[in-house]
Structures are given as C-alpha cells and as structure tokens.
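Worksheet for the structure shown next.
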Amino acid sequence: MNRSAAPAGDVERLRTILEGQRAAYRRDPMPTAAHRRAQLGRLATAIKAAAPAIAHAISADFGNRAPQETLLAEVFTSLEAIRYTARHLARWAKPERRPVSLWHRPGYARLHRQPLGVVGIVVPWNYPLYLAAGPLVSALAAGNRVMIKLSEAAPRFGEEFAQLIADTFAADEVAAVTGGVEIAEAFVRLPFDHLLFTGSTRVGREVMRGAADNLTPVTLELGGKSPAIVCHDFPIELAARRVLYGKCANAGQTCVAPDYALVPADRVGAFLVAAARAVQGFFPSLRASAYTSIASDRHYARLAGYLEDAARLGARLHPLHPEPSDPAARKLAPTALTDVDLGMRVMQEEIFGPLLPIVPYERLADAIGFVNARPRPLALYAFSDDRSSVDRILHGTMSGGVTVNDTMLHVAQDALPFGGVGPSGMGVYHGREGFDAFSKLRGVYYQRRLNGLALLQPPYGTRFGRLIGLMLR
Ligand code: NAD
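According to our numbering, the sequence shown is numbered sequentially starting from 50.
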C-alpha cells in the first residue's frame, strides 16, 4: 500500500515516551502488588467518572450508538476486569512452588512472574474503551509500563481517552497516543517488550512483520467468521433471539458477533420468523438511538455491496425489520440471507455488520464439517440442551472461544482466557492468562549449601558408576 511514513518528529516523540518508560521500568522493575492495585483503582475511578463523556464520544464517532450499549459492553466489562484482576493479582504475582525431582533435592524450584518492561497496545475502533482497558488492566497487573495507540477511526473517543490517561497516569507509567495509520505503523515497529494488537487479520500480518525486526513477541487479537450452530433439539425461537441479539449488538460490528448461522434445514422458515420477531422486539424503530449506526461510509458501502453481490448471485434477502435502511444515518436494516453459496462475498469475508447468512444442514456432522472446512474462527456458538451434541461440536471443531446456548458471553468471563487461534489470532489475555501474557515466566532453582551434586562430579570413579546406574534405572 502506498502510504507516507510518519513524520520523523512524531516517531521521535514515540521513541521518547518509550525511553522514558524504559528508564522508569529500570528504576522500579518489580512494582509491589499494592502499587499495581492502586494503579487499577485510579483507572477504575477515571473510567467511572468519564463514562458519560466516553459514551457520548463513541456515539459521535459511530454516528450513533446507544449510551446503554457502551455502559454495558465497555464500561461495565472494563470495571469488572479491573475488579477481578485487582482481587487476584497479589496471588498471581507470588512466586509459585514447583516440584523438583529426587536427584535435585534438597534444592527447590520456584516460578517467578516478572514484569516484561514496556508493553505496546494497538486498539481498534469497534469497542475502543474495552479493547484499550482490557489489555491495559492485564499489563498493569503484571507490573509493566504501557503505551497505547488509539484508533484513528474513533477520533473523539481517542481524544477523550488520551486525556483520561494523561490525567490519571504519569507518562512513564501509561501513555496513550492518537494519530493515523502511519503512526500505527511506526508504533508497532518500536522495540516493545511485548505488543498486543487487536484488529483485522490482514493488518495483524503487517503488525507481526513490523514486530519481527525487534523480535517483539506479539499477541494478535484478530477476527474471522464465527459460526452459530443451532441443533435440532434447541427451541428455535430462543436460538433466533439469542443469535440476533449477538448479531445486532453494535450493529454486528463485534469481533465475536455470530457471523453466520447453521440451522437444521427443516427449521429455517421458523428461524426466519423468530429472527424478525426478535429484531423488532429489540428495536421497535431502527431510527431510534438503541440501534447503532455503521461506523463509516466505507463500511456501510462494503456491507451494502455484500447484499448486492449476494442478491446478484441468487441469494434471497429477508429484511428482519419493516423499516428500510437509512444510508444517510448509516443505519443498515438487519437482514438474513438464505440460498447463499460460497462464492458470495458475504460467505467469504468477515461480515462485521447486521447481515446474517443462514446455512441449512441435515446432520450435525455436516454442520461440523462446514465449520472445519473454513479458517479457524474467533468464536463458536453451539445451541443445544443435549450434552452429547454439545460435546460433539466442542470436540469436533476449533475456535478461539465458545459460548454454549448464547453468544459473546465467554468474552466477559474474567476467569477465562480470551484469544483466537490460527487466522483469528495468537496468544490469550484476560484474567490469570492475561497476567501471564505480560509477564516473563522465569524459572528459578535454588541450590542448597549441602547437596549431592558433588557425588556426580569428576573425577569419575566407582561412586559415579554406582550412582548413575541407579539414576538410569
Ligand atoms: P484494523 O485492523 O483496520 O485496525 C486496527 C488498528 O490497527 C487501528 O488502530 C489502526 O490504527 C491500526 N493499523 C492499521 N493499519 C496498520 C498497519 N499497517 N500497521 C500497524 N497498525 C495498523 O481493524 P478495525 O477495522 O479497527 O477493527 C475491525 C477488525 O478487528 C475486525 O476484523 C474484528 O474482527 C477485529 N477485532 C478483533 C477483536 C478481538 O478481540 N479479537 C476485537 C475487536 C475487533
């Protein structure tokens, strides 16, 4: 892509922040648990105080997003992550006892978790608060300094959050920067001790290439086409309602939104009726503020293009709401698609919008086979009350995470790791695993003054022979 490089002055500014943070890390490489908890406390207080302004900024960036949605999906989730992490981090930070074999006793072993140093975080626009705060919480809990690059596609939020960070932390603790893609490119090339990127699979590849020169380890939180498999036994009304809630939250602009639904062929008609009922129940009017706008004209055109392409290639479109789409307000009416085939763009690319292709299947093995024939998704949703069907799906497929009998909720479980697999990402964060992601897991063996090692050291004589004989038994 032809893009101008970031101005030298901007790159210099990023380097200066990084050097300041690295120097601060060297001065205090192992902050106490109390210090880390206090940092999280400050963050929680700041987010709570700024919540209305943040919701307002995000709504302005999108064109419209209900403040209720921001409070639930971003503010609440961020505060929960802080609470959970603050409660557990002292225990996570403690050296952990590890066993040693008979031959190494009476020495003993501990696993130390040490702050890596300076962590970089790159944030997308779709949940700009939670996807900045979530990784930040893990990185601070693990005792690091943090630089955050906010998305140019959510500029009002970016200004608001950069100010919140500047008011809450010293620049050598946490710094948030704004700026265009050229700044993002320069950012991911900084010699961080770890880099967490959330965004598309395409950009994820570039980020990993950028980080490779410094051998900076990366956690990549990417996207993909997350399927929902509805089994024969599950009440179709409930399945449709839950799938459509996941599809319409943030107007489908959610990394873990169900992308398409696999529905038993003889239930597709009932699913469509229930889906329309669900959507009209959630949003009596699409014009009202509860229904989120598509965040940019480019994405609106992309989604409208999927519909045109699918219709041209023979798909049937089922508007799920009587009101038409409103391009000026970028409100795209939720629409289901049937008779889709794999040549359609809507079945090839991550949808990231309120369009739901429905793929009929006969036997559960066919549905599992359909999922396995495509790249490993970020999330998978299984709807069944039959344990053996759920187990068949869980054991027979692979995805970043799973919610059974609903959508998206595994992400909000602070005690579960979150992250994709293959093209949907690498590495995990949240909770304990997030703490580990930003820690050096350092093995430490403590030798005792008195130990048996001398018996095995040269010169090798009969004593060695007898002992090694025992050891090799
Ligand atoms: P994106 O990949 O276009 O951009 C993400 C960020 O990367 C932006 O902040 C941007 O500044 C930066 N960026 C862009 N080009 C870059 C480059 N060449 N080098 C370095 N940085 C660059 O993604 P988006 O449109 O903001 O978000 C949508 C995508 O993110 C979807 O694919 C979605 O599934 C995915 N996503 C994943 C998760 C997750 O947790 N796994 C969460 C939200 C979104």
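Ideal Cβ placement from N, Cα and C applies to all residues, glycine included.
- Item | Cβ pair Ser473, Leu502 closer than 7 Å | no
- Cβ neighbours of Ala190 in the same chain (closer than 6 Å, five flanking residues each side left out): In chain order, Arg85, Thr134, Leu138 and Phe484 place their CB closer than 6 Å to the CB of Ala190, counting only its own chain and leaving out the 5 sequence neighbours on each side.
- Item | Cβ shell of Thr265 (< 6 Å), same chain only, five flanking positions each side left out | Phe241 and Leu244
- Query: What is the DSSP secondary structure of Met50, counted as helix, strand or coil?
  - Reply: Note that Met50 scores a pLDDT of 48, beneath 50, so its modelled location is shaky; the value from the coordinates is reported in the next line. Met50 falls in the coil class under three-state DSSP.
- Message: Does the contact criterion of 3 or more C-beta pairs under 8 Å hold for the segment 218-225 versus the segment 110-130?
- Response: no
- In chain order, what residues of the same chain have a beta carbon less than 8 Å from the beta carbon of Met50, not counting five sequence neighbours either side? The predicted model places Met50 with a pLDDT of 48, which falls under 50 and marks its position as unreliable; any figure quoted below should be read in that light. So the list is empty, once near-sequence residues are dropped.
- Task: Say yes only if the C-beta of Thr247 is nearer than 6 Å to one or more non-hydrogen atoms of ligand 1, and no if none qualify.
- Result: yes
- Query: When the Cα atoms are used, what is the spatial distance from Phe419 to Ala98?
  - Reply: 47 Å
- DSSP three-state call for Ile214: helix, strand or coil? Reduced to three states, the DSSP call for Ile214 is helix.
- Query: What is the rounded straight-line gap between the Cα of Gly69 and the Cα of Thr247?
  - Reply: 25 Å
- Query: What are the uninterrupted segments assigned as alpha helix (DSSP H) that are 4 or more residues long and contained completely in the segment 51-76, given in chain order?
  - Reply: DSSP runs (the alpha helix (DSSP H)) wholly in the segment 51-76: 57-76.
- Compute the distance between the beta-carbons of Pro403 and Pro383, then report whether it is under 7 Å. It is a contact, given that the beta carbons lie within the stated cut-off.
- Distance between Leu178 and Lys274 (C-alpha atoms, nearest Å): Lys274 and Leu178 have their alpha carbons spaced roughly 23 Å apart.
- Hey, His370 and Phe332 are a contact pair by Cβ (cut 8 Å); roughly how many whole angstroms apart? 7 Å
- What does a CB cutoff of less than 8 Å around Arg358 pick up in its chain, not counting 5 residues either side in sequence? The sequence as given places Asp at residue 358; Arg does not occur at that position. Closer than 8 Å at the Cβ level, and outside the excluded window around Asp358, lie Met393, Arg394 and Val395.
- Task: Flag this pair as yes or no: are the beta carbons of Leu352 and Leu381 separated by less than 7 Å?
- Result: yes
- Decide if Val389 is buried, meaning its Cβ has at least 16 other Cβ atoms within 10 Å, or exposed. buried
- Message: Excluding the 5 residues flanking Tyr349 on each side, which residues of the same chain have their C-beta closer than 8 Å to its C-beta?
- Response: Within the same chain, Tyr349 has close Cβ partners Ile343, Pro376, Arg379 and Leu381.
- Item | Any non-hydrogen atom of ligand 1 closer than 6 Å to Pro173 Cβ | yes
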